[in-house]
Amino acid sequence: MRYLLYFSLSLIFLACNGSTTPAPVKALVDGTEYELTEVAGTAAQHAVRRDPLGKIIEEGYIQNGVKQGAWTTYTTDSYLPETVTSYVDGVLNGPYLEFDPQGRVTLMANYRANQYHGPFAKYRIGRPEQTAVYVDGK
């Protein structure tokens, strides 16, 4: 019985040591340093920027050296999102959201090629203050 226990513990130890996740690599993207971790089965890398205390303050994905997909920045005093931004090949494209410290939406917009395009709305305490529809930034 004792040998079975040793054998089981050895298997558990080997299983835990055998699955290593790659260590993040530090790299500059748009002049800012991020920790990059490979995303299995893709050409993308998960990028994380931390404050001096190690708290995540920005995260998203990098592909071919540029931002891709949804990027989130976080407030410094909580884990609530501050902004959610969409990128295609390093260019703002798609929904853009800003939040207040309580997590309420303060700005909702859409981008196409780094310019406002589509519905735009500013909110104060959950109520619309300004609304507009942009076409190619105008």
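Here the sequence shown is numbered in this note's numbering, starting from 129 and rising by one per residue. Heads up, the beta-carbon is just placed ideally off N, CA and C, and yes, glycines get one too. Nothing here was measured: the structure is a model prediction, and the numbers come from that model.
Of ALA171, GLY169 and THR259, the smallest CA-CA separation from PRO247 is found for THR259. Boundaries of the beta strand (DSSP E) around GLN173: 173-178.
No Cβ-Cβ contact shorter than 8 Å links LEU220 with TYR189. Within the DSSP bridge table, the entry for SER214 names ALA198 as partners. For PRO247, the secondary structure class from DSSP, reduced to helix, strand or coil, is strand.
Relative to SER214, the option among ASP205, LEU225 and THR204 whose CA is nearest is LEU225.
If you ignore the 5 residues before and after GLU186, its C-beta comes within less than 6 Å of the C-beta of ARG177 and THR201, all in its own chain and listed in chain order.
One thing to note: THR203 has its Cβ no nearer than 8 Å to the Cβ of PRO180. CA-to-CA, the gap between VAL212 and ALA237 works out to about 11 Å. Taken through DSSP and simplified to helix, strand or coil, GLN230 comes out as coil. Sequence-distant Cβ neighbours of GLU257 in its own chain, meaning closer than 6 Å and more than five residues away, are LYS250.
Note that the C-beta distance between GLU161 and PRO152 is not below 8 Å.
In the displayed model, VAL263 falls within coil according to three-state DSSP, outside both helix and strand.
With respect to the C-alpha of GLY197, the residue from TYR244, SER206, ASP217 and ASP205 having the closest C-alpha is ASP217.
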